[in-house]
Every structure is written in C-alpha cells, then in structure tokens.
Amino acid sequence: MSNFELLSEQGLRLDGRRPHELRCIKCKLGVFEQPDGSAYLEQGNTKVLAAVYGPHQAQSNKLDLNEVVINCQYSMATFSTAERKNRPRGDRKSQEITLYLRQALRAAIKTELYPRSQIDVYVEVLQADGANYAVALNAATLALVDAGICLKEYVVACTASLSKNNIPLTDVSHVEEMSGGPTLTVASLPTSNKIAFMEMSQRFHLDNLPAVMEQALNGCREIQAIMEKEVRKHLMQMGSAGDWSNIAK
Amino acid sequence: MTTNVNIRLAIDRVNMGLLAQNQTRAPRLYTPGEVVTGQFGFMKGHGTYVEGEDIKASVAGVMEQVNKLISIKPLKSRYVGEIGDVVVARITEVQQRRWKVDTNSRLDSVLLLSSVNLPGGELRRRGVEDEQMMRKYLQEGDLISAEVQNIFDEGTLSLYTRSLKYGKLSQGVLVKVFPSLVKRRKTHFHNLTCGASIILGNNGFIWISPTVNNEADGGDGGYAQNLNEVIPRADREVIARLRNCILALAHCKMMLYDTSILYAYEESMKYEVHELLQQEAIFDVAFLTQHRLRLQEE
Amino acid sequence: MQTIREFTRKTKRGNILKIVREHYLRDDLGCGAQICENCVQDETSVALLPERNVKSTLFTFPHYLVLDTNVVLNQIDVLEEDAISNVIVLSTVLSEVKHNSSAVYKRFREVVQHKPRGFYVFVNEHHKDTYVEREPGESANDRNDRAIRKATLWYDQHLEEAQNSRAMKKSGRPRTRVVMITDDVGNRERAEKDGILVASAEEYVKSLTDFPMLIDKYARKSFESDKKSLPIFPTHLSVNEIHDGIKAKKLLQGSFQASRENYLEGAVSVEGYEHPVLIQGREALNRAVDGDIVAIELLPQEEWTAPSEIVLEEGADEDPGDNVERTEKEQSVFQKSLTKSDEVRPTGKVVGIIRRKWRQYCGILQPSLLENASRHLFVPADRKIPRIRIETRQAEQLQNKRIIVAIDSWPRNSRYPHGHFVRSLGPLGDMNTENEVILLEHDVPHSKFSEEVLSFLPKMPWVITDEDYAKRVDLRDLYICSVDPPGCTDIDDALHCRELPNGRLEVGVHIADVSHFIRPGNALDKEAAARGTTVYLVGKRIDMVPELLSSNLCSLVGGVERFAFSCVWELDNEANILAKRFHKSVIKSKAAMTYEQAQIIIDDATQQTEIAKSLRHLNRLAKILKKRRMDNGALVLASPEIRFQVDSETHEPLEVEAKQVRETNSMVEEFMLLANCTVAEHICAEFPECAMLRRHPRPAPSNFEPLIKAASHQGFEIKTDTGLELASSLDACVKPDNVYFNTMIRILTTRCMMQAVYFISGTLQPEEFFHYGLATPIYTHFTSPIRRYSDIIVHRLLAASIGSDSTYADLLDKKLNEELCHNLNYRHKMAQYAGRASVALNTHLFFRGKTQDEEGYVLFVRKNALQVLIPKFGLEGTVYLNSLSGDKKPTPGDVIFTFNEEDYTQRCGNVVFHAFDPVTVRLSLDSRNVQHEKLVFQLVKPYIKGFSVELTAEQSGDVEMVDATTANAADGVPPQKKSKKSQKKKK
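Heads up: the protein sequence lines correspond to chains P, D and L, in order. When we follow the numbering used here, the leftmost residue of the first sequence carries the number 37, and every step to the right adds one. When we follow the numbering used here, the leftmost residue of the second sequence carries the number 42, and every step to the right adds one. When we follow the numbering used here, the leftmost residue of the third sequence carries the number 5, and every step to the right adds one.
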C-alpha cells in the first residue's frame, strides 16, 4: 500500500475535511410503502437503502421460542463501485458484513419481546465510497425505527482512521481506506456508551486505540444526533398529516 | 399496447411535507433510548423499558398514559391486535381444526374451526367430517373478514367469524395500508354512498367491494363466493377510484375512516381514475381532504 | 461549512472506472494575512506580516507573492534565500511540486515550514471562493494555472476589502497587493487580462535591489548566446516514446553511472544484464549525468566495444565553447578501444532521460580568462559530474572557494549543462571548508540542532530524583569502570566483574541509557533517527545527539551518577553463561580509563584494588570468549587504520601513525559482542516481527577469487566454504620471512566481504539472520546508543520487553522500521565513506610539501601497475609501470615491465615483483589539480635503473589514494570506535 499522507500539514484531509469532521449526511425514513420500515441514508458518497419486514411469524425451521430471529441481507448494487461488477448475492465480503450487521442489530433490538418472530433487514448499497458497513448499519437502524420495532436505543456505527502523525480521523472515505491507513469500525449504543461491534483493518499500536476509538465514538454520537433529528422530523410529518387523530384520545 | 410509465427523479417529487404544516397540536415525541420519566411511581407499558432508574422509550412515537401505565405508541408498526377489532385477513394454511391466517400482525393468527359458522347448522358439534371439509370452506388464499376473539400468551390472535357480518369475502379489491392509519370507529363496515362497500380492517387491510345487501346475503355463513357474477363497469370504476383515494390518503399518512375516504372520493372526481396515481393528484386530493376535515372539526 | 463537489474521472485499466470523489469546500480557511480582520484564523498560523514586506523596485507598495509551480520547481535556490518572504503558497502549487519533484518538494517544505520566512500555505483547492472546476477540454495544467490566477485574484480582492476599514485608510499606508510570479507567457497574458499584477521570476529577482547577488541563484533555462549555436546532441525521446520503446523492448532502462576516469564514458546498469551496458562518446552519452535514470538503445553487436582503460579528463583549462569537433585525444581513445575485442561488452547510447537525479554539487569555479565575464565554468569535485556553466557576478569573490552549484538544464546546443550558483562553502584548502565538502558529498546531515530539537533536552541542572532511583536498580556501589580510547568524551559503555558468594562471576555491561532522554516521536528523536549515526572525521565529530547528551548526561564519565541500561550475566570460570538479566540502573563509574591505562593496571601485579581484580577477571574471561568465538569460525579481519595527531589550532595533521591494538581493546570488544548477542536473542524472541537486528551475509564464492588466487601464488590454499575453514586457513597463512604477510591476506579477505546491514526480524527468515564475520546466528547493536540510532531502537525494544518502558506505535511498525533500517544502513555507509574521505584528506594535508620514503608491500600486481600498501600509514597507492601494450612502440631508454599472467608477477630485467613483496616507495603530493590532490607513489627500492625515483614525475604515473584504505566491511574488526582514535585533541 502507498504511504499516502492522509492529513495535510494544513490539517485537511484528502477531500478537504478536518480530522474530526463527518461527511455530509442525508437521510430519509419511510421511503417505501411495501416494507414495514425503510430508510435511505447517504453519508458522503456512500448511499444505502434499507428495508425492514416484520416482525412476522418466523419460518418454522428458524423459529426461536425465546427471542426474535434477525435475518439480514447486505448486498451491493452492480453499479455501486468504480468498476461495474456483477456481485452475486452472498459473496464472501457481503456475507461477512451481513453477519456483522446482525450482530450489531441484535444488540439494539429488544429481541425478547418478539418470541417466535422474525425480522428481515435488507440493505442495498447503491453507491460505495467507504465505511459501507457503518452506513449500512445506520440505515438499518433508521429502517427499524420506522418499522416501530422496539430498540434499546439507536445503534450507530462510525469509522475512524489514523494519520501518519497519529491524529485520529473520523468517518473514513473510500480514498482514505485505499490509501493504506488502518480503519477502525465501531458500532455503538451511544447513550449507554456500549459497543455493539468493533472491527479493524490493519494494525496500529495499542497506544493509539483509545484516541481512535474515542474519535469513532464521537462520530457515532454526531451521527446519532443527525439521525434523531431526521426521525423526529419524519414523525412530525406523519402525525401532522392525520392531525394526530390516531393518538388523540 | 403502450403503457404510460411515469418515472421521476427524487428531486422532482412532490413535497408531501406541506401537509404537515399548520400544525398546532404537535405532541411531545419520544425516540428509542430517550428517557420518558423516572421509574418511581410509574409502570412501564408497551414501547418502553426500564433501565436503571428510568423508563425509556424503545420506539419512536408519542406517549400514552393510563393512570400509572406509561407506554409509547409508535406511529407505524405491525398490527397489534385488540379483542374486538375487526380485521380483514388471508388464509395461509389449513391445519388440524384450525386455519392459519395472516393478519399483518407479529405472529400468524388462527381461526379455530370452532370459531366459524358452518353452513347448515348454527351451533353443532364439529365432527371429523367437518375437519375433512375444512378446505372446502376456506382454503389457502381466501380472504375473510373477522373479529379478534382472543389473544394468546405469546401474542397470537385468535379470530372468529361467528357473526353474519364476517366471513369469506367474494369479489372486491384489497388495499393494504399501515395499521395505524385506520382510525378506530364504532363500525368498520360501511356502505358508502358512492356505491361501494368497504371494510376497514384494524389491521390495515381494507376491503372494497360492490355494495352488498347484508340482509339478502345472510344465512349462508358467508362461504358463498359468487365469482361468476359480473360487476358492472360503473361499479368497478367506483371501486378503482376508492382504491386510489385510499392509497392517496395512505401515502400522505392521513387517517382512514368513512368520512375521510368519502371526502377524498368527492375531491377526486375532477381527476380520471388513473390520474390519481400521479403525485400531484395524490397531493391535491389529500390536501383538499385534509382541509375539509379540519373545517369540519372546527 | 461543507459543500460537495463531485467529479467523475475515467481511468483506463482494462475497464473503465467511474470515480466519484467528494470534495469539500470550506469557508473557514484563513488568508494568513495579519492585516485581514475578516478571516477567522488562529494566531500562530498567520504568516503574512507587514514587517516582512520585501522591497522591490518593480512593486513599490507592500505586496504578497503568489508563485506558480514552475517558479518553485526551477527557482528553489532563490526561494531558499531569506530575501523573499510574504509568500502565499497555494495548495495547487504545492501538490504540483510534490508530484513533479520530491526533492524540490522536500526543500520547499523546509522553506515553508520555517516560520520566520513568512510563507503561508493557502489551501485554495478547498476554499469555497477559489475552487476551480476543470472545464471540458481543459488540460490539467491549464486548469491549475486558472486556479492559481483565481486564487491570486481572490486574494487581491479579499485584501482590498480587508484594508477598506477606516483605520487603514486613515493610516495612509499604501495598499498591500498580491503579485503573481510566473514565467509562463500564456498564463501571464491571461493574468494581466484579469487585472492581476504579474512579474516573471527574473524580473522580480532583479528588482530586489537589496539583494543584488540573488540573481546568481536564478536558474536560467538557457543563456542568450546559446540560442544561436547549433545543436550538438541528438534530441531526447519524449516520455511516451520512451515508454513505448521500453514496452516494445527496443529500449532499455537503467541508472547511468559516469566513469570516474573517463569523462566520455559511462555505463548503465540494466536489469537482466550481467555487465552494465557501456556508453561511449559525447553523443552517445547525450547529456546523461551520473545517477540519472536513462533510456538507452543498444548498438548493433558489431559496434560493441570494450571499456577504455585510459584516464581521460576534461583537460581544457579554458572554456572551449560548444565546438563540436572532437579533440584529437578523444578520437584516439575510441580508436584504441575499438581494437580490443576480447573484452567487448554490450554498448549502447542514451536516447532519453527518464528521471534526472540532479542534486547540488560541490566544486570550484574555473578561472575565467576574460575579465568581468559573467559566464563561468564550474568544476565539480566529483569527477563523474560534467562541468557546469553558470552565470555569476561575484566570480572574483568566488575564486579559490569551494562553492555549490545546481544544474538547471542541459540544452541540446550546449556542451555543458547550465546551472546556477547556490552558495559558497569557504576558502579552498581550509579545513572547515574541506570538511564541509566531505559532509555534503556524503550527504551527512550536519547543520546545528534546531531550537525545537534542543527544546527536548533535559533542563539543566539535571538531577536524579527519588522516583528515578525507585525505578532503577542501584548499582552505584559496584566497581564499574569504562575503558575507551584516549580523549573519548562520549563514553557509552562501562563494565564490571565481581565474584559472587557461590563462586560464580558476575559480569555487567552498562550502556548509557540514551533512550531515557530521547523520547520516541519528538523532534529530538526524529533528528537522531534522520542522522542515524555520529560521524567521525579527523579532528571533528558530527554528533547524532546534541552535545549535552553525548558528552555529558549520557556519557558514563567516572565518579558521576549516570543512568545505564545494564546487561548482567552470571558466568562460571569457563565463561559459560549461567544466568542473564537486563535492567535499567543507576551507576557510578569508578574510573574512566584508556585502553593503555587499563592495560597497565592489568599487567601490574602489585595492584590489588577492586578495579584491578575486576579487570583481570574480565580480561581472562574475554580471552576464553574470544577463543570460543574463533573456534566457531569468527573471522579476524584486518584493515590498515591510521590515526592523526591533529594540531589543535589549525586542525592540520601533525603526525600519522597506524593505530595500536592492545589486549584491553579486545577485552572490551568481547564483552560488547557478548552483550549484543545476548540482547539480540532476547529482543528477537520477544518481538519476532519487529526486532532490529544486524546481519552479515555470506559473500558469494566468486568474491573470494582474488584472495584465493593471490594466496595460491604464494603457495597457500584458502578455503572459503565455511567461515570456520576460512578462519583456519587464514591462520595458516604465515610466512616467516614476511611478518606482514598474514595481515595483508586478512586485508584482502576484508575486501571480499559484504556489508553488514540492519534489518527487521520479521522481514527475513531466521536462517538469514546469520552474522558471517562474527559467526553468530543472531546479532544486533546495543552498546553504542550515543552514536548509533539503531542502538536506541534496540534499547527501546529491550526496555519494553522487560516492562521498564512502554512500546509505542512506530516501534512495532514493521514497515516504518524497515524504512528506518534503510536510512540507518545508508547513513552508516556514508559515515564510513566520509570518515575515509577525511582520512584521505588529512593524509594529503600531511604530505603537503613533504616527500618521504616509506617501506611498504605489494598488495596486488596488476597489468600495468603495482598496488602498494604502506602499513605505517595504512595507505594504499599505485605505482604505475610501463608495459608493452597497445600500439605503443617501445622506445629506447624506456624501462619495460613484463606482466606474467600465470603467477601475477611483473618483471623488469632481473627484478621480479610478486604480490606481498616488500618495497620502499617515495610519497609526495601532487597538487597541480587543486581539487584533486594526489599522493604520488614512486619506487625507491628495489632499484631499477631508469624507473626508480630519479625519473621524472610524468612517467612514474600518479596515484590517488584509494578509497578502500580503511575498507572495513564487517563488524568483525573492532566493531566500534575505529575512527574515534583519530580524535585526539590537544588541549
């Protein structure tokens, strides 16, 4: 890998951000009518759609008497990367991310409330520009909120990297991922400060871990705030159209 | 045959958010993980959980308080049945002495053989023959209207159709919307003045059919399914228009009940039925309906 | 705060890639000007200050400069001068410079980072008002030029707004403007159209009347007069042509090495070719300069020639202009070389330059015949570099001075490359100047330590705190002493030995705890890592760490409490290691002795002090250890080493002598080796992936051929299959009649050796860790952290492994450490070369005006010369012999030597020279060439009439000191402090 410097001496990253800055985040809930919950999330150029079906009766072979079965599917559109490529569903990378998504979502969903049920989460990456997992998870969280599924709290993921001079960088873009820096992905429950999932590409010294992790967690908190704002906006719109008559008692 | 497909860019979409304006009665909203209140002196209800000293929300929605019971109601979720709810449902499986029914709730619902009116006799014991005849009465894919009779422990709904108003549905159109959009009313069966009947299932399934004459139809237990009868085109158009109106309202997240549907129907008259699939028309109809409803309320 | 720009880029890599990248434009980037109050900026980054304004006759008002990329690339020498300040550096320019030349970028960055210079980097690419989108059909260059113009314009307007405040107007100061410097005509035109103030670099430099000499540094692409003359050289191929040519295998790529002897000859080492491809003749060389990466085309096989063995220097003292004709001499060279067919090598010609490796060159100005001429020829000290034409108005001041010059260009119609004056080093022949030249030529970083570096030194007075005592093992009571060469001020090792109650012996090696003072990652650490090693020149030491550390706090001087890193063994009487431990400690050396003093104490049986006992134990153990090492196949190598006694005032050498080796040298050496090996094993076990070790590869068998041949002529057989065999066969090479024979054989062996190198354990297989010279499976450097950076790393690893210090990220980073190793190896090599060059220089100084007859030995017999070694000075030189060769007709009176290829002898009459024969030669200095003084060796004994001394100097041939006098490849030779010996300072 190249020795590309991720942070210029002027303190700007390759795309002009400062170390602690997230990319631009746009999100929207309830983008589909068909599923029970859906969301679209755009973090910089990484764009993801998520749809949630359920909770519904679990298939008899998966059925769990104690808690809900979470069924995830992460896939990437053929046109999502620079090179057009047919990605058969369930290629290794996607399978891995699917697994990780489930792990993180499991930490947030109040699984015990839905015995014998199943929740399907489908995530499709429309455009991949780094931190795909994190964006996918954030979109999935929004879709779950939209579906009215009980969550302990938002589960939010963010990535962080480390520049040559040991300054942590939030929200790693594709260029930065490719430049050979390490990438730490953290999925957390920001309010209770719990970590649901953590993954690391490459190595760096243990001394740097706290700083990089804090940076990622800060990113999580910021993303959560943005998501929270969008959720409230969405709720407000939904309720207002019907003049809140569904809850008026 | 040319089909007129209309695909728009996201950017050209009509901003439905305008419908949410002029709101004065916005309630306090809660989102997952948010502290609703201290635990002391309250009980946690649906959509909440206890962590430490606090009761926290687990869904995004509004608070409902019944005495000390605090619950958060999401604005959108799967159907959570209550006893007495009218539902429109679909048979998914025929089992021993019961049918499995999809009611859009968390778990499959059941319709026990003992909870249906069998043709011929009102209240007789169910014999082996009846069990063998089950598929004759209701088979996979059939739609029924029913009422929630009971809720089992894990949340499974048990339905019954032992009333003349319930039973197998014949010709008509099913519209699915989010359950929370269906307003709870005294009656969910309406014979609309525009010339169609409508069943607003609490579970978000809405059945539109040509006007039925309950009295005339009664007595057969609701298992007659006359698929040969030809519905006149005018009636079909009314049904189609109703369907589009309901979808339009649902799209705009407006509550569905007889009045709102009727208003929407009336407001839609200036459009051709197929035009109601376009966003502008949807918005227009919804907006005018909302306006009329608000006027009426005041 | 953020906006997005996306752009699509199509790259061809088999498939078409669509690359969409985000580009955030910001509004929080300050303009860096103090007069601006509109920008939010942090105080420390403001660089453009009114007091730094430059006076220019072209722009009489205060102004800031915006430089275009080419100006930076070409005029970096001008920019390095303090004259120019208040410069706005656009990020567009910065990245273009980086892309084009990493060397210039590095230098430019230095300038930019130097705060007082007032260079402000403005990230125009991410500023919302100055970002420029590439338009369809616009080239990247045009787009960048436009970006520069846009930024300039914005700046000008921005500053205008900033200065519109009432206070500014009232003050009546003239408005500060922004000036763009560009040499691009098109760019300039467009800029003028936009209303930007523009000047060319030359105009601007000339307008700085306060700095009249600055124009000398201005790099010209061409001189006026050249434009008329005809092209001498063929054109170079374009980049694409070269690329295609190499792809089609029509062209070859390689790095060009000019010949030291013959300026019209060079070679290109091409991958896959056994021998470098020969390039001969001016046109074939086609402006390639030593080190350049070039593209060459092979000549048809029938045109291949052999390398000429003729020394050819550009003799002309005057500027011959650009005449195309070859001088007669040149002509003859080629005819001659064509005749030889036996050594024909692939021959080619340079058709294009892939990458220039031009650097700055030391040298002198060739005196000009015309008075007041501004064009001059510069003669580089390095003979591989062609002379360079420069323009200067200070030629008179520069006469007889060492100066530095950079090459700017080499147009087709110019015989010499064009360059410009960079700076003057000082008067020729002055010790300081000459040392400076050596340091520069060997790329030794030798500037003063910067303030930032010094800020990380401990504050004086430095005291040991209780906390320190608590963390360290207290060894202050032990009888620890250090043994070093006389005058040594950076004592990094000390020893002790005591008898334990259980009858065992405890031996401790205590190494200065430098890593305690140099914390990872700070400026001090980075500087030390960059320097890599302390460089010892004769009478001068270039420290790796500031003197406070090297000669005071870290130096284990006697009677003072110092921090040490101790490696302690328990040994039995047969020197078997029974236990070992490492810890940080506080020691108080009881005595800092010289080798000589220690030797005296050991030998003096009346001395029964603790120190004396301890030394005797150590000495005895060391002998056992050495014996064991030898039995394992460790090599005893020899290299002639000399030391100078230097005059303290003039720093000129007074006396030369070969250094003496005492038992105590070997004693210290043994324990250092033992410590190094012990530590190496330990850190390699603890950090299998990232331990810094040192290995010495086994030489290729072919390397030994000259040695085997030379020995076999003397009737000895050298076996080189294993180190052990080699060691024992070397031991067998003893001639009773020639006491120096064995040493000479060992000197020859040394030259067969490979260079020992640092490496990271994770990068090689354990079998490759082997240290050939020492015959140990694993080795590292632990014992000299004051003067070697590798030892500091090893200290840190060791400290981390025993838990007395923590690791840090870079320490465990394999890749970074590998880079560090490369640098250390390079610095180490260069330090050795510099040391040798310094010895050579001092030898020359010593012989200046002297003629001395000395005894020596023939080291090699060559076809036309004898290689003679003077053991007393460790000097090696060549006595050239006349031989019957080529087309030369023997003339009567000539003394003719006949070379016998069978047994490698030279015969003249009845005198026969064998290798290793003793001879007497007369040494004198040939100072005709001021830059290249040479030691001349002339034969005195055996006397050959007509050849020995009374002959005229021309025929005897001249000799140059061969660089390899102190060739010392392996660590087997006393591993440390070789050159420190030449350190004697009379004070």
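Where is the CB? At the ideal position from N, CA and C, for every residue including glycine.
Beta carbon of residue i nearer than 9 Å to that of residue j
i, j, result
"valine 192(P)", "alanine 223(P)", "yes"
"isoleucine 145(P)", "valine 104(P)", "yes"
"alanine 261(P)", "proline 204(P)", "no"
"alanine 101(D)", "threonine 133(D)", "no"
"glycine 236(D)", "proline 220(D)", "no"
"glutamine 398(L)", "aspartate 220(L)", "yes"
"isoleucine 92(L)", "leucine 52(L)", "yes"
"valine 116(L)", "valine 125(L)", "yes"
"arginine 750(L)", "valine 590(L)", "no"
"methionine 676(L)", "leucine 619(L)", "no"
"histidine 24(D)", "glutamate 69(P)", "The structure shown does not extend to residue 24(D), since chain D is modelled only from 42 through 339, so no value can be given for it."
"leucine 77(L)", "serine 105(L)", "yes"
Under 7 Å from the C-beta of residue i: neighbouring residues of chain L
i, result
"arginine 53(P)", "Tyr28"
"leucine 48(P)", "Val127 and His130"
"valine 208(P)", "Near valine 208(P) there are no residues of chain L at all, since even the closest Cβ is about 12 Å away, more than 7 Å."
Start and end residues, beta strand (DSSP E) containing residue i
i, result
"alanine 715(L)", "Looking at the DSSP string, alanine 715(L) is not in any beta strand (DSSP E); the run it does join, the alpha helix (DSSP H), is 709-717."
"tryptophan 140(D)", "139-143"
"arginine 181(L)", "181-185"
"aspartate 472(L)", "Taken as a continuous stretch (DSSP letters only), aspartate 472(L) belongs to no beta strand (DSSP E), being part of the alpha helix (DSSP H) at 470-475."
Interface residues of chain L facing residue i [CB-CB closer than 9 Å]
i, result
"arginine 142(P)", "What arginine 142(P) touches in chain L: nothing, since even the nearest Cβ is about 32 Å away."
Residues that residue i contacts on chain D, provided the C-beta gap is smaller than 9 Å
i, result
"glutamine 109(P)", "Per Cβ cutoff of 9 Å: no residues; glutamine 109(P) is ~20 Å from chain D at best."
"arginine 268(P)", "Leu70, Thr72 and Ala101"
Below-9 Å beta-carbon distance, residue i vs any chain A residue
i, result
"valine 189(D)", "The chain labelled as chain A is not found among the protein chains of the depicted structure, namely P, D and L."
Within chain D, the residues that residue i reaches when beta carbons sit closer than 7 Å
i, result
"glutamate 189(P)", "Pro73 and Gly74"
"aspartate 182(P)", "Lys117"
Endpoints, the alpha helix (DSSP H) within which residue i is located
i, result
"asparagine 295(D)", "The amino acid at residue 295(D) is misidentified as asparagine; the sequence shows methionine. No alpha helix (DSSP H) holds methionine 295(D); DSSP gives it neither H nor E."
"aspartate 607(L)", "599-607"
"asparagine 829(L)", "818-851"
"aspartate 635(L)", "614-636"
"glutamate 690(L)", "667-690"
Contact test: residue i Cβ vs the ligand NAD heavy atom, cutoff 8 Å
i, result
"serine 186(D)", "Judged by which ligands are present, the structure shown has none, so any question about the ligand NAD falls away."
Within chain D, partners of residue i - CB distance below 8 Å
i, result
"serine 74(P)", "Near serine 74(P) there are no residues of chain D at all, since even the closest Cβ is about 11 Å away, more than 8 Å."
For residue i: DSSP bridge partner residues
i, result
"lysine 97(D)", "Val76(D) and Tyr90(D)"
"tyrosine 947(L)", "None, per the DSSP bridge assignment."
"histidine 700(L)", "His775(L)"
Cross-chain neighbours of residue i in chain P, by beta carbon under 7 Å
i, result
"serine 99(D)", "Lys146, Cys186, Leu187 and Lys188"
Chain P contact residues for residue i, given Cβ-Cβ distances below 8 Å
i, result
"tyrosine 90(D)", "Lys146, Cys186 and Lys188"
Quick one, which residues of the region 254-266 of chain P are near chain L if we go by CB-CB under 9 Å, in chain order? none
Output needed in chain order: residues of the region 114-131 of chain P with a Cβ under 7 Å from some Cβ in chain L. Ala118 and Glu119
The region 73-99 of chain P: positions lying closer than 8 Å to chain L by Cβ: Gly80 and Asn81
Residues in the region 221-245 of chain P having any Cβ partner in chain L nearer than 7 Å: Phe240, His241, Asp243 and Asn244
Would you list, in chain order, the members of the region 144-160 of chain D that have their beta-carbon closer than 9 Å to a beta-carbon of chain P? Asn145, Ser146, Arg147, Leu148 and Asp149
Under 8 Å, CB to CB, which of the residues in the region 272-303 of chain D have a partner in chain P? Ala291, His292, Cys293, Lys294, Met295 and Met296
Listed in chain order, which residues of the region 149-181 of chain P have Cβ atoms closer than 9 Å to some Cβ of chain L? Gln163 and Asp165
Using a Cβ cut-off of 8 Å, which residues of the region 306-330 of chain D contact any Cβ in chain P, in chain order? Ala327
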